[in-house]
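Number of protein chains: 4
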Amino acid sequence: MSSVFNRGIKLSLFGESHGKGIGVVLDGLPAGEPVDFDEINAFMARRAPKKDGTSTMRNEKDSAEILSGIYENKTTGTPLAAVIYNSDQHSGDYGNIAHIARPAHADYTGFLRYKGANDPRGGGHFSGRITAPLCFAGAVCEQILKRRGITVGAHIYSVKNVKDTPFDPVNVTANQLEFVKSRPFPTLSENAETEMRELINSARTAQDSVGGIVECAAVGFPAGIGSPMLDGLENVISGLVFAIPAVKGIEFGNGFSCAELFGSENNDEFAVQNGKIVTKTNNHGGILGGISSGMPIIFRVAFKPTPSISRPQNSVDFKTMTEQELIIKGRHDPCVVPRAVPCVEAALNIALLSAMLENSNLEG
Amino acid sequence: MSSVFNRGIKLSLFGESHGKGIGVVLDGLPAGEPVDFDEINAFMARRAPKKDGTSTMRNEKDSAEILSGIYENKTTGTPLAAVIYNSDQHSGDYGNIAHIARPAHADYTGFLRYKGANDPRGGGHFSGRITAPLCFAGAVCEQILKRRGITVGAHIYSVKNVKDTPFDPVNVTANQLEFVKSRPFPTLSENAETEMRELINSARTAQDSVGGIVECAAVGFPAGIGSPMLDGLENVISGLVFAIPAVKGIEFGNGFSCAELFGSENNDEFAVQNGKIVTKTNNHGGILGGISSGMPIIFRVAFKPTPSISRPQNSVDFKTMTEQELIIKGRHDPCVVPRAVPCVEAALNIALLSAMLENSNLEG
Amino acid sequence: MSSVFNRGIKLSLFGESHGKGIGVVLDGLPAGEPVDFDEINAFMARRAPKKDGTSTMRNEKDSAEILSGIYENKTTGTPLAAVIYNSDQHSGDYGNIAHIARPAHADYTGFLRYKGANDPRGGGHFSGRITAPLCFAGAVCEQILKRRGITVGAHIYSVKNVKDTPFDPVNVTANQLEFVKSRPFPTLSENAETEMRELINSARTAQDSVGGIVECAAVGFPAGIGSPMLDGLENVISGLVFAIPAVKGIEFGNGFSCAELFGSENNDEFAVQNGKIVTKTNNHGGILGGISSGMPIIFRVAFKPTPSISRPQNSVDFKTMTEQELIIKGRHDPCVVPRAVPCVEAALNIALLSAMLENSNLEG
Amino acid sequence: MSSVFNRGIKLSLFGESHGKGIGVVLDGLPAGEPVDFDEINAFMARRAPKKDGTSTMRNEKDSAEILSGIYENKTTGTPLAAVIYNSDQHSGDYGNIAHIARPAHADYTGFLRYKGANDPRGGGHFSGRITAPLCFAGAVCEQILKRRGITVGAHIYSVKNVKDTPFDPVNVTANQLEFVKSRPFPTLSENAETEMRELINSARTAQDSVGGIVECAAVGFPAGIGSPMLDGLENVISGLVFAIPAVKGIEFGNGFSCAELFGSENNDEFAVQNGKIVTKTNNHGGILGGISSGMPIIFRVAFKPTPSISRPQNSVDFKTMTEQELIIKGRHDPCVVPRAVPCVEAALNIALLSAMLENSNLEG
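Sequences listed follow chains A, B, C and D, in order.
Numbering that gives the first Met the number 0 puts the first residue of the first sequence at 0, with every later residue one more than the last.
Numbering that gives the first Met the number 0 puts the first residue of the second sequence at 0, with every later residue one more than the last.
Numbering that gives the first Met the number 0 puts the first residue of the third sequence at 0, with every later residue one more than the last.
Numbering that gives the first Met the number 0 puts the first residue of the fourth sequence at 0, with every later residue one more than the last.
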């Protein structure tokens, strides 16, 4: 019914693409945590549109204004509210398609759900722009996790048929995650970057778009966090990841490919290494029975091609119930995947901090 | 922290494999809904172990006793509690492996999470057996949905590399879903059944196990149900599906394969058919922006091979921190997929009824 | 919509007065906590009907059967389910009043809410009997709190115009709370007991009933637990206390009488005592800004007279919409207050443990 | 852990008294509801400080800026975010008392709860100022309820020992509620106003403060809304009312006075009036078994005297653990009750709309 995540961390996301502002209230944060705004801005800049041809030309500042919850650069422990004002609004671009459902968009379903009263400009509350406050929330959580030795990072696993070097599920390191996050186009392989950029450019030129996959990992996350059944880490992570528009699937560890294996191939044997229990392989992706095993947490998320393409498409005016040809104007990413990378990280940062806060300790 | 699902439908699952009983409290159900217990038992029988070599020999009756919430064969609207007593408990089979972590099981993570206090017999609360009350809850919801013209059904999409005929995402019908549910081994193709059975048998003979994929669909579900962002149908469905042990991934519509498409290939164009808005293709799987489109809802779920295999495996005694060889005795399914089919349906039935209840209507 | 409490502790209450059984699923409990069943039974016996003329003659055993969540007499940390089977059911007593609304009961409102489908026998889910599983849950939490030096206790503050000696809000001790809990009729003053018993007996003789007030306290509860605004201790405690049928009001500290004071009279000045911050008076009842102050937590709860009285009453048959005279047969307490005492304690035990679990500690 | 209300209506309150802004995210609202901002401002003006000597001189505009959720003056159905910027901040007034606990305030408990990191200026998140966004939310809900024939209103029931004419629990009308809301000092009796004003003025002159009671009612609320046990209307209403600082107690219907009655006096007999079931008296306050009866909903809320008084008080510096005399400077209401009236209404408006939204209708 809502845009509320209500667990160890409480998240209330709000905003419409062309309204006054978008933002988030983030509650349940531990008190007294230093907040570095340069790091937050750097995190959010990774989601912001690029001028390199891979994304929309919309000039968003996306700088979050803090309304509450931070005092003397530390979390107060009470609700942290942040707003990003919408300044660069070209509503006119959308006027002519208001009632013609853009294929693969939520225009029609949103119209039904909200009886025609939702804000249609730029996708309204369905806009990918609402991932900006999600990234803000994730950036705050990231700093709290990092202080406890936990690093989250993601990369572009694939764009269409071009694949990056995958993370090594056993040996991925915090340094590697930091490295890939520092790259303007977050791949591990420079060759992959080149090929992917070409692919995205050619899609753009062809008035088309492409999909891809983001791979995300966390290292340093302690073993024993999470719960079985309905409160497992997979449940919580996927519950947040599907909040990112254009996500069509999620898989943990070796994911769908485990369905083609024998148990003797898929089972990760346990061993003792430096006095610590590990698994020799990490097909399980760091989660067993909903609970962290101490191995790197790894999952992949499939993104569909950007629905907005400039080619003429057949569609329906859902007010008049007539079939119409649709031409979408305006600014659109030919591929959402590069900008989706920090969004997936944000979801994981929030999920992990939330799970740690839920594993409370009466003696603590 | 818990086994609670708290939305339009409230679900509180409980139980351990070798405790007194397992069960569920199901709250938020509409009042006055007739409940057919033969249908419930038939639903649960599909999850029960088979005597055809594809599953464990454990002789579970799995008949749920109703403690509350049903009066004169109708829901009262107050909490419905159901218990399945554990009668056939062979705890002795598990004694010798209590502290040696079974690979791909939650023995070690559960031990950490619960400080060694959780019930270790037969996996305790982590046992696949806890899907029996999930199926009970799903079977109750199924009847309420069916009365409103909504049919949910699933089939074995694949076992290892053997694939069944997939559902047609546009034209799948209620009849087809009912047909496949009526089959003892739920595939659309008889050839697929034969091959899959052979594969499972050969895995069993080889003291091994195999994974696979379940495909699930709903037809007749009204358009306009669900919400954007954190309360989307995908969020809710995946939050329930990951409660089923052994699930490693979920994808909606064309899922991960959309990541390899152009937008022009992936976008589902709208059309008017018999006065109703439809899409010509259904790559989106019946959900746009978290909200149902009126097209069939389709998703696939990847199951790993059964972790329990009889072959010797290397592992660690997590109490003594020593490496040990492990031999798992007892009864185990060589493939969980056939019995997982109704579990996935149960998750969808619960999710859909829950979403409908949340789309409340002040005028209603 | 439901009977679910979903906080640090998760509670799912179920059952109808004359159904198969009533019970509770209690989730979020810390793992490895010893559970003493004699103490639980003793707690529940305080709620059970007495044979001393103060309560109904219904012969309830009210012994809870544990279905899950306890292993080797300790909490497993996974959901604890307990059932109390209904054995002594005299449904016949209620047959003739099924559709004539008993004044001050929920017959009519329940009929509307559940469209006539709720179980009408003995009040169904509205029965005071559902406080038995609440007491079970409270008794489990009580043991966990006690182990940490926290004691909860309540007494009969008043029956009609007869008052017991109130708790001293500053100096009430754990011993005093244990003492009053050990008394068959929980008052501090023996004179008050004598007068109250006479009052209750005379009400019974007059085919009437009487109301009263329960006062409840906790000592040893650490300072700094709870949250401002919507998650304050008062919010959580009152949210649980109003689950007890017949409660009409709740007040913390000096409660309604503070409305007649000057600030200079009501403010509790702080002082240092034995190196600890205390207040010299305790008008605030141990809670400031929703958070515990370290002083005893004190509140009072008003109970209305038992609605069921044997005198003829005027009412309405809500099926035929005709006015009718009603004569209630069956067994009824002339005063619910003595049996309500452990129910109020149960609510506080659950609320306090829940709040402690929510004050989680990342470093813990 | 937080300031989140998560039911049919979802509320996320945020802000600190001297931070950038305070506000609320309000989710779950029905779509397409017209919003009249003049009415909202009028509602909030009733909470704003008065220049008549009854309240602080702080010059707050308290005009809410809408960030999202309203489009063309109607609710979009997606989250409505509103901010009130803090402009008139005199932080300097509070500097010298930062670590000396103000009696009856949350300075000390907040310091413990948030490990000294919370914003201490003007009470921070504990400030009564956070009721401004609560009033905003209540004002939005009020308009949606009014459109369905439901009117909520409150008056000053008492200030210290001076009492207003109470509402007639059976015959209170929408007109009477509207009348009392329109009065600058909301009493039914003009004499009561005069006496109360004198009392408040004399308290102010004496550098003191006084407490009082607010009585609140709703008429036109349909019968059959709410649920038994943990989700009763009393549970939900009290869960919201205790979010208002200074509340020490709540009672429904005849409240604590029912504890002094016989059942034969307290029971409300049913009757048929104009083809509708009513009760002849309304001691139950419109709620039976947690569910509305169709009679006026009535309750009273006790407010303690404003904790901030200018007289010297004894207290403790909780950083140095030394006893100190405290003199509170700054602006303070000698009585919070007049400004609390719309806050209590706001809580009821939110609770009632939320409950209606939870009583969803599958057929709706």
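Every residue gets a Cβ at the ideal spot worked out from N, C-alpha and C, and that includes glycine.
- Chain B places a beta carbon closer than 9 Å to that of residue 79/C, counting this residue as a contact.
- Your pair residue 154/C and residue 340/C checks out as a contact, with CB atoms roughly 7 Å apart and the cut at 8 Å.
- Residue 16/A is not a Cβ neighbour of residue 137/A, given a cutoff of 9 Å.
- Counting along the chain, residue 167/D sits inside no alpha helix (DSSP H), nor does DSSP assign it H or E at all.
- The beta carbon of residue 227/C falls within 9 Å of a beta carbon belonging to chain A, placing the residue at that interface.
- What residue 65/C touches in chain B, judged by beta-carbon distance under 7 Å, is 19, going in chain order.
- Here residue 16/C is not bridged, per DSSP, to any residue.
- In this structure, residue 150/B sits away from residue 345/B, with a CB-CB distance that is not shorter than 9 Å.
- Membership of residue 181/D in any beta strand (DSSP E) is not indicated; the residue belongs instead to the alpha helix (DSSP H) covering 173-181.
- Using a Cβ-Cβ distance cut-off of 8 Å, the region 138-149 of chain C and the region 199-210 of chain C are not in contact, since fewer than three pairs of beta carbons, one from each stretch, lie closer than that value.
- In this structure, residue 210/B sits near residue 301/B, with a CB-CB distance shorter than 9 Å.
- Residue 82/C is positioned such that its CB atom lies no closer than 9 Å to that of residue 8/C.
- Distances from the CA of residue 303/A to each of 86/A, 158/A and 48/A were compared; the closest alpha carbon is that of 158/A.
- Rounded to whole angstroms, residue 287/B and residue 320/C show a C-alpha spacing of 48 Å.
- Neighbours of residue 290/D across chain C, judged by C-beta separation under 8 Å: 105, 108, 109, 111 and 112.
- Residue 222/B has a beta carbon lying within less than 9 Å of a beta carbon in chain A.
- The shortest CA-to-CA distance from residue 260/A to any of 263/B, 236/B and 306/B is the one to 306/B.
- Annotated as distal: residue 113/B and residue 19/B, with beta-carbon spacing of 9 Å or more.
- The beta-carbon separation of residue 250/B and residue 184/B, rounded to 23 Å, does not stay under the 8 Å limit for a contact.
- Here residue 264/D is not near residue 271/C, since their CB atoms are 9 Å or more apart.
- In the structure shown, residue 323/C falls within a strand segment according to DSSP collapsed to helix, strand and coil.
- Between residue 49/A and residue 337/A, the C-beta gap is smaller than 9 Å, which places the two residues in contact.
- In the displayed model, residue 113/D falls within coil according to three-state DSSP, outside both helix and strand.
- Residue 161/B is bridged by DSSP to 158/B.
- When DSSP states are grouped into helix, strand and coil, residue 216/A belongs to the strand group.
- Per DSSP, the continuous beta strand (DSSP E) segment holding residue 275/D begins and ends at 275-278.
- Closest in alpha carbon position to residue 253/B, among 246/A, 229/A, 206/A and 3/A, is 246/A.
- The beta carbon of residue 26/A sits closer than 9 Å to some beta carbon of chain D.
- Non-local beta-carbon contacts of residue 240/D in its own chain, meaning distances under 7 Å to residues more than five positions away in sequence, involve 246, 249, 300, 343 and 346 in chain order.
- Take the alpha-carbon of residue 68/B and the one of residue 115/C: they are about 13 Å apart.
- Judged by DSSP secondary structure, residue 37/A falls within the alpha helix (DSSP H) whose first and last residues are 36-46.
- One alpha carbon belongs to residue 234/B, the other to residue 234/A, and they sit about 9 Å apart.
- Linking residue 188/C to residue 335/C through their CA atoms gives a straight-line distance of about 19 Å.
- Among the CB atoms of chain C, one or more fall inside 9 Å of the CB of residue 265/D.
- Residue 80/B and residue 231/A have their alpha carbons spaced roughly 23 Å apart.
- Residue 295/B sits buried, since 16 or more C-beta atoms from the chains shown fall within 10 Å of its C-beta.
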